[in-house]
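Per our numbering: the sequence shown = residues 239 to 450. Note that CB positions come from ideal geometry on N, CA and C, so glycine has one too.
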Amino acid sequence: LKARQVIRESAGEYAPLIRKFTPGLTQLLGEAPATEELSETEDLFYHAIAEFLLRLSEKFSGMAIFLDDVQWLDEGSSRILSRLSARLNGARCLIVAAARDDETGRADAFSEGMKKSLAREIRLEPLGDEDLRRLISDLLGSESVDPAIFSEMRVRSGGNPLAAQEYVRTMLEAGLLFPVAGTWRIDTQGLDQLNLPVDVIRLLVRRMDDLS
239 LKARQVIRES AGEYAPLIRK FTPGLTQLLG EAPATEELSE TEDLFYHAIA
289 EFLLRLSEKF SGMAIFLDDV QWLDEGSSRI LSRLSARLNG ARCLIVAAAR
339 DDETGRADAF SEGMKKSLAR EIRLEPLGDE DLRRLISDLL GSESVDPAIF
389 SEMRVRSGGN PLAAQEYVRT MLEAGLLFPV AGTWRIDTQG LDQLNLPVDV
439 IRLLVRRMDD LS
């Protein structure tokens with residue numbers, strides 16, 4: 239009940255705009271009366287959402303916002319974040335964003351848009367051989383793994399942990415990885431015949447196609 243009240247208070251005079259942001263806010267804020275001064279321009283809407291989030295962070299004594307795959311952010315979300323960025327200094331609000339660095343350059347564009355408040359940028363390199371070995375051993379539940387499996391995963395995954403995980407799952411389902419005398423082995427001949435995609439996205443799509 240207290241949280242609901244805090245949300246209503248944080249919306250304040252912007253409630254007529256903020257209630258349109260999500261169905262949950264529509265229900266929570268109810269029929270907020272419109273004011274004569276409150277127009278419904280896009281710019282004011284983005285400002286209202288940014289102000290609402292900052293007020294929430296103050297009333298709750300701090301707030302963390304996590305955003306995944308920011309390279310796919312829509313224009314409206316980017317404009318809201320840009321307004322937040324300009325006012326984060328001294329605010330009790332932490333934004334943590336994750337992005338995939340690809341040929342579109344959208345991740346770099348996001349960093350550029352947030353440069354006013356960007357405290358730290360961490361670039362994750364591909365997994366090294368030892369880290370990849372540990373990941374595969376954890377996925378198979380054993381330290382005893384044929385080195386040929388690591389070799390295949392190194393080439394196919396390129397050190398991408400998601401790719402390595404999906405290739406392990408696919409090979410297990412196809413019966414290409416199997417335990418023998420306490421050691422995991424790989425059927426390299428069957429692997430060649432299976433003709434797995436070399437791109438993890440295509441591999442995921444292929445796995446989804448097999449679902450009902």
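Locate the alpha helix (DSSP H) running through residue i, then write down its first and last residues.
{"i": "L255", "result": "253 to 256"}
{"i": "T264", "result": "261 to 267"}
{"i": "Q309", "result": "Neither: Q309 is in no alpha helix (DSSP H) and is coded neither H nor E."}
{"i": "T408", "result": "399 to 411"}
Do you know offhand how far residue i's Cα is from residue j's?
{"i": "Y252", "j": "S295", "result": "16 Å"}
{"i": "Y405", "j": "L356", "result": "35 Å"}
{"i": "V418", "j": "D384", "result": "10 Å"}
{"i": "L429", "j": "R423", "result": "12 Å"}
{"i": "R325", "j": "I318", "result": "11 Å"}
{"i": "L305", "j": "L362", "result": "17 Å"}
{"i": "N327", "j": "D281", "result": "22 Å"}
Within a Cβ cutoff of 6 Å, which residues of the same chain sit near residue i, ignoring the five residues on either side of it in sequence?
{"i": "K309", "result": "Residue 309 is actually Gln in this sequence, not Lys. Same-chain partners within the cutoff: A337, R338, R344, A345."}
{"i": "G409", "result": "Residue 409 is actually Met in this sequence, not Gly. Closer than 6 Å at the Cβ level, and outside the excluded window around M409, lie L415."}
{"i": "S320", "result": "G351"}
{"i": "L255", "result": "F283, A286"}
Go through its chain and collect everything with a Cβ distance to residue i's Cβ below 8 Å, but skip five positions before and after it.
{"i": "A241", "result": "none"}
{"i": "M301", "result": "L291, L294, S295, R330, C331, L332"}
{"i": "V244", "result": "L294, K297, F298"}
Run through DSSP, which three-state label would residue i get?
{"i": "R358", "result": "coil"}
{"i": "L292", "result": "helix"}
{"i": "P417", "result": "strand"}
{"i": "L326", "result": "coil"}
{"i": "A335", "result": "strand"}
Taking the continuous beta strand (DSSP E) assigned at residue i, which residues delimit it?
{"i": "M301", "result": "301 to 305"}
Decide if residue i is buried, meaning its Cβ has at least 16 other Cβ atoms within 10 Å, or exposed.
{"i": "A386", "result": "exposed"}
{"i": "R444", "result": "exposed"}
{"i": "S248", "result": "buried"}
{"i": "R257", "result": "buried"}
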